[in-house]
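Colleague: My structure is below; once you've seen it, I'll send some questions.
In the working numbering, the protein residues as written are 2 to 129.
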């Protein structure tokens, strides 16, 4: 054999070995890339799910704030009505029937307004 051919044949196993290593490395990298891609997909799905949960929590928080405000307003109105009732009782005990009548009318006005507001709220809730 010619020296040139021998040299090429001697280089072939080294080149084949390098190519094999490179191919194995490329395949390993492709497998890792595929796994990373799947992990990222899973992460994106979890993020979407969490965004939905946070949205629901925000809605519930808003509803709780509204309910709390309503309770605070109702409590304030109840305290006003109780104060009026005690003043009416005090005026009647003291014999000041004119004051008692005025306070009673005022209490009736407050109660009638509350009832009117309650019925209008019920009508709004019944409408589609």
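C-beta atoms are modelled at their ideal positions from N, C-alpha and C, and glycine is treated no differently. Keep in mind that this is a model prediction, so the values were computed, not measured.
Grab me the residues of residue 78's own chain with a C-beta within less than 8 Å of its C-beta, minus the 5 sequence neighbours each way, in chain order.
Modeller: Cβ within range, chain order: 111, 115.
Colleague: One question on the structure: do residue 108 and residue 74 come within less than 8 Å of each other, judged by their Cβ atoms?
Modeller: Contact: no.
Colleague: Please report the straight-line C-alpha distance between residue 28 and residue 54, rounded to a whole angstrom.
Modeller: Computed Cα separation, rounded: 39 Å.
Colleague: Check residue 35 in the structure and name its three-state DSSP category.
Modeller: Reduced to three states, the DSSP call for residue 35 is helix.
Colleague: What's the gap between the Cα of residue 88 and the Cα of residue 76?
Modeller: Taking the straight line joining both Cα atoms gives about 18 Å.
Colleague: Near residue 163, what residues of its chain come up, given a Cβ to Cβ distance below 6 Å and the 5 sequence neighbours on each side ignored?
Modeller: Nothing can be reported for residue 163: it is not among the residues displayed for the chain, which extend from 2 to 129.
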